[in-house]
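**Q** Shown below is the structure under consideration.
In the numbering used here, the protein residues as written are 239 to 433.
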């Protein structure tokens, strides 16, 4: 079963093309116009073993928010399409990733119920020109579009870069676990018989 999805999204603020192979090797070609965000998406793909290609153009002169949120939307749509009926997947994924003084924990349930629980230390500011407040917007958009429950928690950490990087790595690893096909799962992993 091929789980490679290609999508395009065009609005008055952004133009995005995306291709993801859920059964890849962690290869990526990312160009969002936001170098730090490129790096985070590359890390997510690498640690999640997804092959991910994103080419995005947006109104970055206004703010990064539109582009980053829309990338979350299209990535969520691609996940929803790629997982289709959710048959045979593990459904749940969890990862705990340390980076120096920081620990990031991500739990995922692929369940057709969009929800984001997001708890990070209050570390406001920017990493270069990247405003870390848009990280939550990215994951909220992804969760909503994919119809998945995502819990992101950083119980401790003080370096902005370490916090954001550990979150993206943990998300990639947790998502990899959740979308993995398991021959023991007959149909969907639910006593209801549907997700």
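Even glycine gets a Cβ: it sits at the ideal position worked out from N, Cα and C.
Starting from the C-beta of residue 407, find all residues in its chain whose C-beta is less than 6 angstroms away, skip the five residues before and the five after it, and write them out in chain order.
**A** Within the same chain, Cβ atoms closer than 6 angstroms to the Cβ of residue 407 are found at 281, 285 and 335, the five residues on either side in sequence being excluded.
**Q** Between 272, 244, 349 and 391, which has its C-alpha nearest residue 431's C-alpha?
**A** 349
**Q** Which of helix, strand or coil does DSSP assign to residue 378?
**A** Three-state result, residue 378: helix.
**Q** Can you grab the Cα-Cα spacing for the pair residue 363 / residue 403, in whole Å?
**A** Straight through space, the alpha carbons of residue 403 and residue 363 are spaced by roughly 15 angstroms.
**Q** Along the chain, which unbroken stretches of the alpha helix (DSSP H) at least 4 residues long are found entirely within the stretch 398-428?
**A** List check, alpha helix (DSSP H) in window: 398-417.
**Q** Sorted by chain position, which residues of the same chain lie with C-beta nearer than 8 angstroms to residue 332's C-beta, five sequence neighbours on each side aside?
**A** 343, 344, 345, 346, 412 and 415
**Q** From the DSSP output, in three-state form, read off residue 268 for me.
**A** strand
**Q** Under 8 angstroms by Cβ, that's how I've got residue 396 and residue 339 pegged, so tell me the actual separation to the nearest angstrom.
**A** 6 angstroms
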